[in-house]
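First residue of the sequence shown? That's 480 in the working numbering, and the numbers climb one at a time after it.
Backbone N, C-alpha and C define an ideal beta-carbon position, used for all residues, glycine too.
Working notes, structure below.
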Amino acid sequence: MKSAIVLGVHPFAVSHSRTGIQHMAMGLAERGVSVDYLSVPASPFDLIGQARRQRLIRYLRHAGNSPNMRPASGLHEFTFFSMIPIHSLFVPHQFMLHGVHGLAPRWLQKKEYGLCLHDVGPTMAYLPKIKSEKTVLRLNDGPRAFATLPICLVRELEKRISEGWYDEIWAVSTPLVEHVNEKLHSPSRVRLIPNGGPDQSSGIAGPAALHVKRAVCLGSYSDWLDPTLVLKAAALLPDWEFHFVGAGYERFADSDNVRFLAPVDYADVPRLLRNYSVGLLPYKDDSQHMRYVHRPLKFYEYYACGLGVAAADVGGLREGLGEMASYGRNPEEFAQAVLESVGRAGAVSADERRRFLEQNSWAARMDAMWNALEALGFPTHHP
480 MKSAIVLGVH
490 PFAVSHSRTG
500 IQHMAMGLAE
510 RGVSVDYLSV
520 PASPFDLIGQ
530 ARRQRLIRYL
540 RHAGNSPNMR
550 PASGLHEFTF
560 FSMIPIHSLF
570 VPHQFMLHGV
580 HGLAPRWLQK
590 KEYGLCLHDV
600 GPTMAYLPKI
610 KSEKTVLRLN
620 DGPRAFATLP
630 ICLVRELEKR
640 ISEGWYDEIW
650 AVSTPLVEHV
660 NEKLHSPSRV
670 RLIPNGGPDQ
680 SSGIAGPAAL
690 HVKRAVCLGS
700 YSDWLDPTLV
710 LKAAALLPDW
720 EFHFVGAGYE
730 RFADSDNVRF
740 LAPVDYADVP
750 RLLRNYSVGL
760 LPYKDDSQHM
770 RYVHRPLKFY
780 EYYACGLGVA
790 AADVGGLREG
800 LGEMASYGRN
810 PEEFAQAVLE
820 SVGRAGAVSA
830 DERRRFLEQN
840 SWAARMDAMW
850 NALEALGFPT
860 HHP
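This is the structure:
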């Protein structure tokens, strides 16, 4: 049976919008590949914080020797143990990575896979222990997004790219393709395989509540988001409600018409979004990072549910989203973008939305990935 190991970040059990690498792991399993998926390892520091404790509990229940969950048929998720978190603050030197991959279970070091697929994240630390016939990097972020990773891990990644260690590199945006070819001079083939959106068969597409004056920013807080932009724009639209739905917003407080809500399960996202008329993309003006971002995953979720989209006019968003969004650089412009996006969404016909989603669904992306793997010689016969 065909086998693959996918090095991810987030566990499937966590309430989180599904990431690109998780979609790809699911897609491989759906096409008959036996997939082992690694999420970020547990460590002694996971005693602090509820989400971290849950990760430690997942490890303690299975000790990395059996799957802590099976998200789908043929897909097995594992959580390993590390003496230290794989973070720049804890791993300043290369030799310290032995405290990570050196504790990998013996079965991982013995098993041989047909494919290793990973994106840029902490679990890259396990690459020295993995045996695979083909290795593919999914380049999902620009250099600025590597800030929390150990610098030694980033340098090792760039070395692998420059030396042609990967059989192929799949970049999620054109600027990332250019970065690999022009800055890192990779001899490996680089393909453009962008993020995808919900498949029509999932039932996620449906009518939004365009008559409701309510906007949402879906997903956990990150350094690239700018909640302050929304807070200031919300003050200009007192008859609107603005909700942030996700983890990590503890530093922000509710205001008269802005609320910070707990994350929801991925399966509940469609039902949640149908309570809103506008989806928000309030990113910071960080050219070193945002130039690589064209179509964030949450955009597809907004669009699939018929919401208008109001985006910060930064980086590659305007190039990637075009007329499917309205834009603003400051609170006044962003507030106007919220209002304009409702009319823009209402002008899109159901057929037009359906065609776009079909062309840009994760199912379509999986077809592209499958063709790439076939060209690499990875057996892709359907079961």
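Of the residues Asn-809, Ser-545 and Leu-671, which one's Cα is nearest the Cα of Ala-851?
The sequence position of residue 851 within the sequence shown is 372, counting from 1. Out of Asn-809, Ser-545 and Leu-671, the CA that lies nearest to the CA of Ala-851 is found in Leu-671.
Does the region 512 to 524 come into contact with the region 555 to 563, if we say contact requires no fewer than three beta-carbon pairs (one atom in each stretch) closer than 8 Å?
The region 512 to 524 and the region 555 to 563 touch, with no fewer than 3 CB-CB distances between them shorter than 8 Å.
Note down, in chain order, each residue of its chain lying with its Cβ closer than 8 Å to the Cβ of Pro-810, except the 5 sequence neighbours on either side.
Counting from 1 along the sequence shown, the entry for residue 810 is found at position 331. Leu-708, Lys-711, Ala-712, Ala-714 and Leu-715.
Going by other Cβ atoms of all chains shown within 10 Å of its Cβ, with 16 needed for buried, is Arg-750 buried or exposed?
Here residue 750 refers to the residue found at position 271 of the sequence shown. By the Cβ neighbour-count rule, Arg-750 is exposed, with fewer than 16 other Cβ atoms within 10 Å of its own.
Which residue spans inside the region 641 to 670 form an unbroken alpha helix (DSSP H) run of at least 4?
Segments of the alpha helix (DSSP H) lying fully in the region 641 to 670: 653 to 657.
For Trp-703 and Asp-764, I'd like the C-alpha separation in whole angstroms.
By one-based count along the sequence shown, residue 703 stands at place 224. By one-based count along the sequence shown, residue 764 stands at place 285. Taking the straight line joining both Cα atoms gives about 8 Å.
How many whole angstroms separate the CB atoms of Gly-676 and Tyr-779, which I take to be in contact at a CB cut-off of 8 Å?
As a position in the sequence shown, residue 676 is number 197, starting the count at 1. As a position in the sequence shown, residue 779 is number 300, starting the count at 1. Under the criterion of beta carbons closer than 8 Å, Gly-676 and Tyr-779 qualify as touching, at roughly 3 Å.
Identify, in the order they occur along the chain, each residue of the same chain with its Cβ nearer than 6 Å to the Cβ of Ile-683, setting aside the five sequence neighbours on each side.
The residue you call residue 683 lines up with position 204 of the sequence shown. Residue placement at Ile-683 cannot be trusted, given a pLDDT of 46 that sits under 50; the coordinates are not used to answer.
Quick test of your reading: Ile-640 and Leu-663, contact by CB under 8 Å. State the CB separation rounded to the nearest angstrom.
Counting from one through the sequence shown, the residue named residue 640 turns up at place 161. Counting from one through the sequence shown, the residue named residue 663 turns up at place 184. Yes, they are in contact, since the Cβ atoms of Ile-640 and Leu-663 sit about 5 Å apart, within 8 Å.
Just list the residues that DSSP pairs Ala-624 with in beta bridges.
On the sequence shown, position 145 is the one that residue 624 refers to. Here Ala-624 is not bridged, per DSSP, to any residue.
Scan the region 797 to 834 and note each continuous beta strand (DSSP E) run of 3 residues or more that stays entirely inside, going in chain order.
Entirely contained in the region 797 to 834, the beta strand (DSSP E) runs reaching 3 residues are, in chain order, 805 to 807.
With DSSP run on the structure shown, which of helix, strand or coil describes His-577?
Along the sequence shown, one-based indexing puts residue 577 at 98. The answer is helix: DSSP assigns His-577 an H, G or I state.
Quick check: the region 524 to 542 against the region 592 to 601, are there 3 or more CB pairs under 8 Å?
In short, these stretches do not touch, since the Cβ pair count stays below three.
Who pairs with Arg-738 in a beta bridge, going by DSSP?
Taking the sequence shown and counting its residues from 1, the one referred to as residue 738 is at position 259. In the DSSP secondary-structure assignment, Arg-738 is bridged to His-722.
Three-way DSSP call (helix, strand, coil) for Glu-780 in this model:
Counting from one through the sequence shown, the residue named residue 780 turns up at place 301. Of the three classes helix, strand and coil, the one that applies to Glu-780 here is helix, per DSSP.
Would you report the Cα separation of Phe-739 and Arg-730, rounded to the nearest angstrom?
Position 260 of the sequence shown, counting from 1, holds the residue named residue 739. Position 251 of the sequence shown, counting from 1, holds the residue named residue 730. Going by the C-alpha atoms only, they are around 10 Å apart.
Within 8 Å: the Cβ of Tyr-700 and any heavy atom of the ligand MG?
With respect to small molecules bound, the structure shown includes none, and the ligand MG cannot be examined in it.
For Leu-786, does the three-state DSSP call read helix, strand or coil?
By one-based count along the sequence shown, residue 786 stands at place 307. It is coil, neither helix nor strand.
Note the first and the last residue of the continuous beta strand (DSSP E) segment covering Glu-556.
Here residue 556 refers to the residue found at position 77 when the sequence shown is read from its first residue. Residues 554 to 557.
Cβ neighbour criterion (16 or more within 10 Å) applied to Arg-532
Here the question's residue 532 lines up with position 53 in the sequence shown. Under this definition Arg-532 is an exposed residue.
Tell me which residues share the same chain as Val-570 and place their Cβ nearer than 6 Å to its Cβ, disregarding the 5 neighbours each side in the sequence.
Counted from its first residue, the sequence shown places residue 570 at position 91. Hits under 6 Å: Pro-629.
Gly-785 beta carbon less than 9 Å from that of Gly-822:
Taking the first residue of the sequence shown as position 1, residue 822 is located at position 343. Taking the first residue of the sequence shown as position 1, residue 785 is located at position 306. Taking 9 Å as the cut-off, the Cβ atoms of Gly-822 and Gly-785 do not count as close.
Taking its Cβ as the centre, do 16 or more other Cβ atoms sit within 10 Å of His-580, making it buried, or is it exposed?
Here residue 580 refers to the residue found at position 101 when the sequence shown is read from its first residue. With at least 16 other beta carbons inside 10 angstroms of its own, His-580 counts as buried.
Would Glu-556 be called buried (16 or more neighbouring beta carbons within 10 Å of its own) or exposed?
As a first step, residue 556 must be located in the sequence shown, where it is residue number 77. Buried: at least 16 other Cβ atoms inside 10 Å.
On the DSSP bridge assignment, give the partners of Met-848 in chain order.
Along the sequence shown, read from residue 1 onward, the residue named residue 848 stands at position 369. None, per the DSSP bridge assignment.
Contact check, Ala-694 vs Ala-791 under 8 Å by CB: the rounded distance?
Within the sequence shown, numbered from 1, the residue matching residue 694 stands at position 215. Within the sequence shown, numbered from 1, the residue matching residue 791 stands at position 312. Incorrect: roughly 13 Å between the Cβ atoms, too far for contact.
Considering only DSSP beta bridges, list what Asp-598 is partnered with.
As a working mapping, residue 598 is identified with position 119 in the sequence shown. Note: Asp-598 sits in a beta bridge opposite Arg-617.
My output table needs one value for Leu-582: the three-state DSSP class, helix, strand or coil.
Working through the sequence shown from its first residue, we reach residue 582 at position 103. Coil at Leu-582, not helix or strand.
Would you kindly work out how many angstroms separate the C-alpha atoms of Asp-718 and Met-548, rounded to a whole number?
Within the sequence shown, the letter at position 239 stands for residue 718. Within the sequence shown, the letter at position 69 stands for residue 548. Cα to Cα, the separation comes out at about 44 Å.
Could you check whether the Cβ of Trp-703 sits closer than 9 Å to any Cβ belonging to chain C?
Within the model displayed, chain C is absent; a lone protein chain is all it includes.
With a threshold of 16 other CB atoms inside 10 Å of the CB of Gln-501, please say whether the residue is buried or exposed.
The residue you call residue 501 lines up with position 22 of the sequence shown. The residue is buried, with at least 16 neighbouring Cβ atoms inside 10 Å.
Member of Phe-835, His-768, Ala-688 and Val-691 whose CA lies at the smallest distance from the CA of Asn-619:
Taking the first residue of the sequence shown as position 1, residue 619 is located at position 140. Looking at the Cα atoms, His-768 is the closest of the given residues.
Can you tell me whether DSSP reads Leu-507 as helix, strand or coil?
Here residue 507 corresponds to residue number 28 of the sequence shown, with the count starting at 1. DSSP places Leu-507 within a helical segment (H, G or I) once states are collapsed to three.
Supposed contact pair Lys-777 and Leu-760 - C-beta distance, whole angstroms, cut 8 Å
As a position in the sequence shown, residue 760 is number 281, starting the count at 1. As a position in the sequence shown, residue 777 is number 298, starting the count at 1. With 8 Å as the limit, Leu-760 and Lys-777 qualify as a contact, their Cβ atoms being about 7 Å apart.
Can you give the Cα-Cα distance for Glu-661 and Glu-720, rounded to whole angstroms?
Here residue 661 is taken as the residue at index 182 of the sequence shown, counted from 1. Here residue 720 is taken as the residue at index 241 of the sequence shown, counted from 1. Using only the alpha carbons, I get a separation of about 45 Å.
Thinking just about the alpha-carbon of each residue, which of Val-793, Ser-567, Leu-554 and His-489 is nearest to the one in Ser-482?
For the purposes of this step, residue 482 is taken as the residue at position 3 of the sequence shown. When Val-793, Ser-567, Leu-554 and His-489 are compared, the shortest CA-CA separation from Ser-482 is found for Leu-554.
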